[in-house]
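Contents: one structure, followed by commentary.
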Amino acid sequence: MEQQTYQESQNEISLKDILRIVRKRKFWLAATFIIVVGLVAGYLFRATPIFQASATLWVEPTQSSSSFEDIFSLQGGTSTTRISTEVELIKSRRNIEKIIEDLDLLDYYTRLSGAKNRTTINSLIGSISNMIAVSTVKDTNIVRISVDNENPNLARNIANTLSVVYNDMLKELAQESFTVRREFIESQIGATEQQVLDAENLLREFKEDKGIYILDEEARLLLENVTYYEKQIDPYNILVSEAESKISAFSEILAENGEQPVLYEKISLDPQLRSIRAEMFRAKLELAGYRDTTSPVLGRESSRQVELSTRIIRLENDLNQQILEIVYNAAKEDLSSYIRLVYKELADAYALKYVAEIDISYLTQLRNKYEEKMITLPALEQQLLDHQRDVTVKQNLYILLLENFEEAKIAEAAVTGTSTIIDQAVTPLSPIKPNKRMMLAIGVLLGLFLGILLVFLVEAFDDAIRDEETIRRTLGSELPILGRIPHLIYDESQKYPELIVYNDPTAPPSEAYKLISTNVLYSSVEAPKVISVTSAEMAQGKTSILANAGIAMAQNGLSTLLVDADMRKPRLEKAMGSPRSQSGMVNHLLQDMDLDDIIQTPLDELPNLKLLAVGPLPPNPTALLTSDKFQKMLITLRKKYDMILIDLPPLLAASDALIAARVSDGIVMVVRSGQSSKYGLKLAAENISNSGIPIVGIVINDITREDSYHYYHYYYYYSDTGEKAASKRRQYKSQYRKSTRRYRKRMSALSGKKRNVVKKRASVLENGVEIINLEKPTIPKPEIKPEPELKPEPAVPETEIVPDDVIDDDVIDDGVIDVDEIDDDVLDDESAPVLPVSGKPSVNNRNRETRPKVKSPFDYITELEQDVLQEEKNKEEEDDTTTE
Amino acid sequence: MGMIDIHSHLLPGIDDGVKTEEEAEKLLLLYKNAGISRIVCTPHLANPYVKTHVLGIRDAYTWFKEAAVNYGIEAILGSELYIGLDESKFIPFLDKFLLVETSMLVEPLYLLDKIFALQLKGFSIIIAHIERFSWISVTSPTAKRMREMGVYFQVNIQGIEDGSAEPYIKKNWVDFIATDNHGISRRAPVNLDIFHKYPEIMVRSMKILNL
Ligand SMILES: [Fe+2]
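Note that the protein sequences, when read in sequence, are chains H and X. Numbered per the numbering used here, the first sequence finishes at 908, counting up by one with no gaps. Numbered per the numbering used here, the second sequence finishes at 212, counting up by one with no gaps.
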């Protein structure tokens, strides 16, 4: 059942517990917090700030840049995929190279990184490309160019330059085709003008020469028809030439970039294109036939014409697609976006030329039809017709060229990039990275989180007991806390440094010891008589608590016996300020030495306080502590004393401690705050509960301010001289006096035996507090043990005192001394064995010790001599027998 | 305050110590000059390596005690008991102090038990020249346990001079400094001035002996 309570309390962790744990380890929390925030702040302080500048652009998705063939632009995807192409285009190597050149960045970075690290153009392109982030504003054609850099001005410059460079690139690309066209037309105009003049001169000379000035009606009609077609052919010729110029221009760009575009000759041989061409030729011819026959006035297109027009458009589309495919197929796999664009332009030019050639060929066929008829005319007329035709054709061409030239000039000038800068980048004022506020906020949160985490980790790994809460949670059951001893520093200059209650019965710590004695006495209905004091581990302070509590009991008039049963490391005598005596409990247990001869009175002023020391340390203490003799001894002693306090070995160090404690009415556990381990306490408590001996309660030793502010505060009041402290002190005093008086009454009522009460004298302090004071002369005589020196001779059998079986067998069984049970701390230097700690005359103790029967040295010599003589005699007899 | 040498082999012709009465007198003069007022004569007993003339101890001690009076020195009889063979017969000094030695090389079986048995009889055990036993050191568990048991340690002046006693002195484990004087005919004379260099140990010795 106890097990269950224990488990329940283990699993429950309330908010209060959490707060308590955090408060207890607030230094861990604070330290972690400060370190984390400090690290973050340090990083923020040291980190180079990064500035971001952004420019936004409105981007028209890239289109075929030749504006006058709209049908070609039918191919291609939706505008969103176009936009992603733009994003790629913006960061293209060509643009970044341009930026580096424009802003002289190579020089700038070489200076920045020092002469040692040569900045190469390639590494620079990489790093600048990393600075640039291009993103699209969702579902719009708006593109944002962001540049991160340590230098805010440079960031702005790069962003702005990039938007301009990008725009320029688009512009250049578009302009390329317009420029080629304008230049071509320009070059043709002069030549054509001359041709017109030449043709006109020839016509005039012919007319003057032959005297024929006017053509007859039939010839004029023929001429009109021929020139009609010639007029139609001319623009296509120009188109072909334009296309050729473009082809050569784009091919040149591609060649510069290491590309080998497919040649036009190869395209014209493509069988699929040929079939398209043939079909298109027929369709156009047929369409032209309709135009030929229908009067322009009644020009209502038949359904056939519509069908033909649609087919032509479709065929052109197919053709366009086919050419683009051929061009791309011939190119390399992974093309940069720019080169891809140029290829596209080239394909467009090829298509332009191809279609124009188809137009030329069918128009030529139609024209030739009328030309053939001209042969039937008379020779002179025919010649005039030729001249006239020539002039008309040349004039038409010239006019066409002039028109186209104007148009080309305007178009060229009107070309802009397809993007528009919406917002220019401005110099950023505050850095984007590191975001100080955000980072600090994260640091603060992280610090708190890690701090709390660490607090709980430390709590989980800290096995030490620091407060009552921990004890309660470790043991589960509600064990009473019998007392709380504050952290004490002994005044070594005093005769009995450890005996606080003896030195100053009214000092605050003495009150704590007195409270322990009161609490022990009232721990059960029938007052306990034999109490074992122990701890789970070594060095918990059990001995000094036992000594002081014993003094408090003795001062209260109880005849008190302190028994040192810690045979491994006895410390009680040292705590009591007595030298280690030569004889003690061990002599009684092994040699039946009279208890009255070995029980000491360590403090002259407290004759009712007795001490039973260990005596010689047996190699096998277990055998002694678990012996029936030990139990019998305690039963005997129980009758003689009001209270017996046994200093047991630590439970976890000695297996015999609990067996020895069988005769006691209860066990007092001492726990040293901040040192005792939870595990040890739990184990010890389990062992005790298995043994069936009741635990009277727990004494917490060595409480410091850090362990528990509350208790420290409590004692602080007592050491205070202020009014408040005095009143508290009074209150506590009278309480203690009352309780002890009550106890004595009860004791006498219980036993009915008359008790020897040490007469006490009440003295009044300045603050009116009575204290108990003991006076030596008034000690009632019967209580004092007669001084052993008055005894004639200790009844110690001088020979064969050690029963062989006890010493030899036990020791042999146990082997040599269990070394593990000896710990080092008490041993070093201070452990000079029997030295009297104080200057106290050791008369009493010396006389109490077992002394070998007083013999003179000559008695010993006699014994030795007898031995030797006996030996010699034996030898002689032996010799005699051998000689005989 | 007078000083005491609790370990000596000055009885003439008894063990491996002083041979003649003349030699003993020479030594007594040295002790007197060194300001030593008490000498404990501790002939070897039960030592398998030393033959002790047990039957001569009585007369030798009677003579030595008389002779010492002339030098203002009190002679006390004791013995140096060898633990390991037979520990039943010995001569304690000052009623209850027993100087013991053991094998130099190995720890005797049941040493601690034997010490406990002697303690139980009321004797205070002093380990002679602890620094000379190779089986024990300041770090050995046996040494620690002996300190807990209240066993006293004695070191030789020679051990102080050659430094082998140093760890014990540092640990404050030395209760007695003694000469283990074997005379001047067999060994080099002992530097008795060393006694004066450790006044704290002298005070401690006197307290233990209750002198
Ligand atoms: Fe010796």
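By construction, the Cβ of each residue, glycine as well, lies at the ideal position given by its N, Cα and C atoms.
Residue 314 of chain H by DSSP, collapsed to three states: which one?
helix
Contact test: residue 8 of chain X Cβ vs ligand 1 heavy atom, cutoff 7 Å:
yes
Residue 152 of chain X, DSSP secondary structure in three states
coil
What I want to know is whether the C-beta of residue 81 of chain X ends up closer than 7 Å to one or more non-hydrogen atoms of ligand 1.
yes
Let me check understanding here. Comparing Cα to Cα, which of H:180, H:64, H:246 and H:40 lies closest to residue 78 of chain H?
H:180
Anyone know if the C-beta pair for residue 169 of chain X and residue 132 of chain X falls short of 8 Å?
yes
The alpha helix (DSSP H) that contains residue 368 of chain H, what's its start and end?
361-398
Hey, is residue 623 of chain H's beta-carbon within less than 8 Å of any beta-carbon in chain X?
no
Assess, as a yes-or-no matter, whether the region 118-130 of chain X is touched by the region 96-105 of chain X under the definition of 3 or more beta carbon pairs within less than 8 Å.
yes
Residue 165 of chain X: contacting residues in chain H (beta-carbon distance under 8 Å)
None at all; the shortest Cβ gap to chain H is about 19 Å.
Would residue 503 of chain H pass as an interface residue toward chain X - the criterion being a Cβ-Cβ separation below 8 Å?
no
Does the beta-carbon of residue 129 of chain X, which I'm using as the reference point, lie nearer than 7 Å to any heavy atom of ligand 1?
yes
Can you determine whether any heavy atom of ligand 1 sits closer than 7 Å to the C-beta of residue 96 of chain X, and answer yes or no?
no
Taking only the alpha-carbon atoms, compute the straight-line gap between residue 166 of chain H and residue 446 of chain H and give it to the nearest angstrom.
9 Å
Considering only the beta carbon of each residue, do residue 6 of chain X and residue 41 of chain X sit closer than 8 Å?
yes
So, with DSSP's three-state summary, where would you put residue 166 of chain H?
strand
Among H:889, H:610, H:368 and H:357, which one has its Cα closest to the Cα of residue 197 of chain H?
H:368
Residue 218 of chain H bridges to which residues according to DSSP?
Note: residue 218 of chain H sits in no beta bridge, so no partner.
Answer with buried or exposed for residue 724 of chain H, where buried requires no fewer than 16 other C-beta atoms within 10 angstroms of its C-beta.
buried
Along chain X, in chain order, which residues have C-beta atoms closer than 9 Å to that of residue 891 of chain H?
55, 89 and 90
Is it the case that the region 470-484 of chain H contacts the region 201-217 of chain H, given that we only count it when at least three CB pairs across the two stretches are under 8 Å?
no
Just reading off the alpha helix (DSSP H) that residue 542 of chain H is part of, what are its end residues?
532-545
Endpoints, beta strand (DSSP E) assigned at residue 510 of chain H:
505-510
Contact set between residue 604 of chain H and chain X, taken where Cβ atoms lie within less than 7 Å
151
Pairing CB atoms from the region 369-381 of chain H with CB atoms from the region 208-224 of chain H, are three or more of them under 8 Å?
no
Residue environment, residue 477 of chain H, which counts as buried when at least 16 other CB atoms sit within 10 Å:
exposed
Sorry if obvious, but does the Cβ on residue 114 of chain X come closer than 7 Å to a heavy atom of ligand 1?
no
Cβ pair residue 570 of chain H, residue 549 of chain H closer than 8 Å:
no
Does the distance between the C-beta of residue 671 of chain H and the nearest non-hydrogen atom of ligand 1 fall short of 7 Å?
no
When DSSP labels each residue in this structure, what does residue 624 of chain H get in the three-state scheme?
strand
Residues near residue 176 of chain X by beta carbon distance below 8 Å, same chain, minus five either side
127, 153, 154, 155, 202, 205, 206 and 209
Determine, using beta carbons only, whether residue 648 of chain H and residue 695 of chain H come nearer to each other than 8 Å.
no
Taking the beta carbon of residue 174 of chain X as the centre, do at least 16 other beta carbons fall within 10 Å, making it buried, or is it exposed?
buried
Helix, strand or coil for residue 190 of chain H per DSSP?
helix
If we require 4 or more residues per run, which alpha helix (DSSP H) segments fall completely within the region 246-320 of chain H?
288-292 and 295-317
Between residue 268 of chain H and the rest of its own chain, which residues show a CB-CB distance below 7 Å, the 5 nearest in sequence each way excluded?
377
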